[in-house]
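Following UniProt numbering, the numbering of the sequence shown begins with 1 at its first residue and continues without gaps.
The beta carbon of each residue, even a glycine, is placed where N, CA and C say it ideally should be.
This structure is a prediction, so every number in the text was calculated from the model and none was measured.
Working notes for the structure below.
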Amino acid sequence: MDPQVHTTFIPKQTLPPSPMRSPLEVTSPRISRSTSILSVLAMLALFAAIISVGGSYLYEHSLQARINQMQQQLTASEKQFEPAFLEELHTLDRRLTYAYQVLRSHRSVAPLFFVLQNITLKSIQYDDFRFDYKDEQGVVQIVGQARSYQAIAQQSEVFSKERLIREHVFSDFTLQENGRINFNLVITLSPELLLFEQSFPLFNTPQNNANPS
1 MDPQVHTTFI PKQTLPPSPM RSPLEVTSPR ISRSTSILSV LAMLALFAAI ISVGGSYLYE
61 HSLQARINQM QQQLTASEKQ FEPAFLEELH TLDRRLTYAY QVLRSHRSVA PLFFVLQNIT
121 LKSIQYDDFR FDYKDEQGVV QIVGQARSYQ AIAQQSEVFS KERLIREHVF SDFTLQENGR
181 INFNLVITLS PELLLFEQSF PLFNTPQNNA NPS
């Protein structure tokens with residue numbers, strides 16, 4: 001018989017213990033990579049802030065330089081005019097202002113005639129006209145005649161719609177033999193109508209006489 005061979009799986013030598021890794025050692029590469037990305041982002045943000053601040057500073061400096069240059073040009077332009085010439089211009093300006101104020105306060109009856117011509121019906125006739133100015137307002141007293149009482153009523157309506165006539169009163173009606181009606185008329189004018197400056201826009205307006213009645 002063959003001799004028995006004894007086999008064993010027990011190692012003859014003690015194997016060295018396998019190294020054990022801690023959880024921190026296993027995840028350290030991920031933490032390192034995350035830290036690296038955050039560092040890069042932080043650096044980029046820092047560079048962006050530096051560029052932004054630098055750009056703002058350069059723009060402000062350029063703008064201030066432009067303002068200083070314009071101020072210097074303005075000062076140089078002012079020095080080119082002689083003081084005597086500037087004083088003459090100021091004097092002329094004061095005279096023109098005074099003349100304009102006098103002209104505005106001047107009274108004129110020209111606008112009154114224009115308005116009456118423009119709004120008087122053809123069926124109304126004025127025979128006598130008197131103008132008085134007192135208490136800062138103009139009053140017109142008129143003696144006239146109309147074709148009929150209806151014409152007087154129509155003329156009164158036209159006067160009521162005219163803003164430059166403050167009030168008006170027809171009175172003392174008398175029937176003539178020819179059928180026409182004599183009347184007295186008192187018109188109180190708006191102060192605006194008598195201002196001299198009103199003459200220009202009124203005379204530049206096309207005449208539109210009231211419709212005949």
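- Per the Cβ contact rule, the region 109–129 is not in contact with the region 87–95 (fewer than 3 Cβ pairs under 8 Å).
- When beta bridges are read from the DSSP output, residue 184 appears opposite 143 and 171.
- A check of alpha carbon separations from residue 170 across 164, 152 and 160 identifies 152 as the nearest.
- Its Cα nearest to that of residue 122, the residue 145 stands out among 93, 189 and 145.
- DSSP places residue 154 inside the alpha helix (DSSP H), whose first and last residues are 149–160.
- Straight-line spacing of the CA atoms in residue 96 and residue 192 works out to 22 Å.
- In the DSSP assignment, residue 117 falls outside any beta strand (DSSP E) and lies within the alpha helix (DSSP H) extending over 110–119.
- With at least 16 other beta carbons inside 10 angstroms of its own, residue 189 counts as buried.
- Contact between the region 162–169 and the region 125–135 is absent, with fewer than three C-beta pairs closer than 8 Å.
- By the neighbour-count criterion, in which a residue is buried when 16 or more other Cβ atoms sit within 10 angstroms of its Cβ, residue 186 is exposed.
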